[in-house]
Structure formats: structure tokens, C-alpha cells
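Novice: Residue numbers (the working numbering): 1 to 444.
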Ligand SMILES: Cc1ncc(COP(=O)(O)O)c(C=O)c1O
């Protein structure tokens, strides 16, 4: 029998079977999915109903930045639920007011006005609408190695292969190459990358381009930390041509890189900034787009032609306020920097000892290991947009050993909660170390 009030006594196998029968799992053929049943989570760990424990080396979907089960955020959600779980978005609530003001204090420069959404994709949808209204132009530049969400506009912005199944998509999106060209070809200099970008702007027509959306540090497409000068150069080109710079900080925001926002490392203030994930640490869904003052002022006498039933949802605003308080009370931004140094040393150690490790990159607690199968050609351990027996085996090994992280193409991530202890980090890297021994055997 299937009821909406199933008792909380199902086994892991029962949860998986019933979930697979009646619900759709994302980005997958349903026969291929093998989900982990999750019963609870605390700190850096989560566990199944049958008691198997996993060290969460990906903060679930790079979002549970403050760690699992923080009682302060749970209490704030419970208190808000008891007082006022919902008010429609034409109303003003205390949590909405306070969250706008808190975000104005922590976001870069003169960004001080926010439109709240349910998630990251909707934040990007609204950012491109704002850029189009503000500039009166239509085209949006985005990069190939990017992910911006799965809704119609956001998937059109997305540069990676997740876009392909959604095509033909929204019009007017122009993709440009990144400074990074994969493990075999490596990096452009900032100057070269900026010259290519300016060439595309010229060829497309500068006066037709409303915005350039980019992940300041790219997430799922490879923890791509731009060469110094690149983001400053993008800012300068946007200024030169009247294009709005849109920083998608859905994944890189809220301490992940060891700063409140990734752009802070380079002192760049985008015109629009989008966020979600770490904003509430995913305890309740919430996204937002932040506007610099001149852009926000555009809507003083022009209509903001957008809306959502759950815009400024009080439960989500309460969760965000409590989450931001946790970052501050526990010094999690500085902690991400400090533990990030420990993690960088552990990554470098892997690279020094394992021939299968072609590159490691990290900034704060945002990290990646890219594997190669040939030391001379730097052929990746799996091709672009594909897996390989070795990468699949590594994923199975991590799961069997109780390490949860994302394995994608020829790489895997090290993105633990910002609260992770050094002992927990070392525990995770010890499992990775053993897993790479098998991958090393495939290297020529
Ligand atoms: C950089 C970036 N932008 C946007 C999104 C989409 O966010 P959401 O899944 O909350 O819609 C993601 C999700 O992973 C992301 O990493």
C-alpha cells in the first residue's frame, strides 16, 4: 500500500524500492539509479536506516555548509513555523526585512537589495530578466564549463552537456570558452582568455549584450579557480561595453571558498549576484538575486515584472538568518580558510604519491582531484561527458568504505562541510588514498 503517512520504520531497501516506484530521480535513467537511503545526519556524517554511516565529503550537493543538524537553525525554523509559516509575497514580514539587511551587510560593494526565490535556477532566471530590463538588450553571455540550473532559462545558460537534452532552448544565449580547456590542454593566461572574450563581444555586437553570467569559481565543471586578473578583466570589459556582470555564487558563496563570496578574493563587485545552497545550508530551500544600488533603483519607477508564490517565504528567511548567524558565531568563513590549507596539503600529498592524479585544485574547502591514465599525454581517466571502468570502480569503493562524494567524468570532489574537523578530513583522505591505489594500476 502507498500512503502519504508512511510510518518511519521502513528499512533502507523498502525506502529505495518505494521511492523508485513512485518518484523520479534526477539526471538519470531510472533503472540505473541506486540511491543511498538516508535516515539522519549530524555534523559531517549521515547514515542509513540500517545504520551504515557516511562521511559527507560533498556537503550533500555542495550546500550543507554549516554541517548537518545544527540545533540553532532547526530551532529558528521551528519557532518561525509556530509564529508565521507563510505570508504572501506582497506582504512584509520581520524575517524578510531582517534578511535583506543582513545580506546587504555581507555581499560585496553596493549590492544591497534582494529578490528572493526558491532556489539557484530561479535566482538566475530573475537575474537575466533584470539584466535585460535594465539594459534594454537581449543577449546573455555564458561560459561552456558552467552549470546554472535546470529551469528553461537557466539550462539555456548552462554550458555543460546537461543543456543538450533541453535544446532548442531560450534564445539569445551566447557561450564563450573558459580559461580552462581540460586536463590535457590546461589553462589560458588571463590576458588570452580576456582577448577571446572581447573578440566574441565584438563579433556579437556589444550593444546587443545585456549580461555576462559566470561562476567566479566554477563548481561541478571542475573547481576552476580563475587566473589572477581574469575576473578583474571581465569586470573591466563589462564596464567598457555596458554589460551587466552576473556572478553565479549559488555554489561558491557562503564561505565555501574561504570568503563570504568567491568574488571577494579578487575584490570584484558584480552588478548582480545569485545565491542559494549555503544561504540556508539547504535546511529550507531559498535562493536570491542581489542587485547593486543603481540596478535596484531602476525598479523605483519601473515595474519589476516577476513573482513567485514562495518569494520571501518566512520559514526560508528564518533559516537563512539563523544560518548566517552560525557562520558568524562559529567563524566558519575563517575556518574554511584554515581547514582549506590543511585540505590543500592533503591534496598535494595525493598528487605527489599517486601517478593517477593529474591535477588537484582547491580554494577554501572547495576541492577536486582530476585523474589521468597517461602521464605523458595527460589523457583523462574518463573522456569528457563519460565515465570509465576505473572511475566507476572508484565511486563504488568510496561508497563501500563510507565516503560520500561526487564522482564525475575523470574527477571527484572534496567539498566537506565548513565545520569539518582535521581528524575527519584525514579520515576521508585515508579512504581516498586507498581508492587511488586501484586507479594507479590503470596508468600508463
Ligand atoms: C553554480 C550553480 N548555479 C545554479 C545552480 C542551480 O541551483 P538549484 O539546483 O538550486 O536550482 C547550481 C546547482 O548546483 C549551481 O551549482
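Note that beta-carbon positions come from the ideal geometry of N, C-alpha and C, so glycine has one too.
#1: Could you tell me the boundaries of the beta strand (DSSP E) in which residue 47 lies?
#2: Going straight from the alpha carbon of residue 434 to that of residue 420, what length do you get?
#3: Does the Cβ of residue 61 lie closer than 7 Å to at least one heavy atom of ligand 1?
#4: With a threshold of 7 Å (Cβ to nearest heavy atom), would residue 250 be considered close to ligand 1?
#5: Would you please state the rounded distance, in angstroms, between the beta carbons of residue 159 and residue 146? I believe it to be under 8 Å.
#6: On the DSSP bridge list, what partners appear for residue 404?
#7: Could you check which residue in 248, 256, 281, 300 has the C-alpha nearest to that of residue 271?
#8: Whose C-alpha, out of 358, 400, 403, is nearest the C-alpha of residue 411?
#9: Please state the DSSP three-state secondary structure of residue 439.
#10: Using 7 Å as the cut-off, classify the Cβ of residue 276 as near or not near the heavy atoms of ligand 1, replying yes or no.
#11: To which residues of the same chain is residue 85 closer than 7 Å at the C-beta, ignoring the five residues directly before and after it?
#12: Taking the alpha carbon of residue 346 as the point to measure from, which residue in 87, 49, 424, 117 has its own alpha carbon closest?
#13: For residue 193, I'd like the list of residues in its chain whose CB is within less than 7 Å of its CB, leaving aside the five on either flank, ordered along the chain.
#14: At a cut of 8 Å, does the stretch 209-229 reach the stretch 243-258 through at least three beta carbon pairs?
#15: Looking only at its chain, what residues have a beta carbon closer than 7 Å to the beta carbon of residue 154, apart from the 5 residues adjacent to it on each side?
#16: Just how far apart, CA to CA, sit residue 413 and residue 362?
#17: Under 8 Å, with one C-beta from each stretch per pair, do the stretch 315-335 and the stretch 71-85 reach the 3-pair mark?
#18: Compare the Cα-Cα distances from residue 172 to each of 392, 186, 142, 187 and report the closest residue.
#19: Using 8 Å as the cut-off, can you tell me whether the stretch 39-58 makes contact with the stretch 85-98, which would need three or more C-beta pairs spanning the two stretches below that distance?
#20: Flag this pair as touching only if the stretch 25-33 and the stretch 389-409 have three or more C-beta atom pairs under 8 Å; answer yes or no.
#21: Is DSSP giving residue 269 helix, strand or coil here?
Specialist: In short, the structure shows the following:
#1: 45-47
#2: CA-CA distance, residue 434 to residue 420, rounds to 21 Å.
#3: yes
#4: yes
#5: 4 Å
#6: 56
#7: 248
#8: 358
#9: helix
#10: yes
#11: Within the same chain, Cβ atoms closer than 7 Å to the Cβ of residue 85 are found at 314, 315, the five residues on either side in sequence being excluded.
#12: 424
#13: Within the same chain, residue 193 has close Cβ partners 179, 230.
#14: Short answer: they touch.
#15: If the five residues before and after residue 154 are omitted, its C-beta is found closer than 7 Å to the C-beta atoms of 121, 124, 125, 148, all from its own chain and listed in chain order.
#16: 10 Å
#17: yes
#18: 142
#19: no
#20: no
#21: coil
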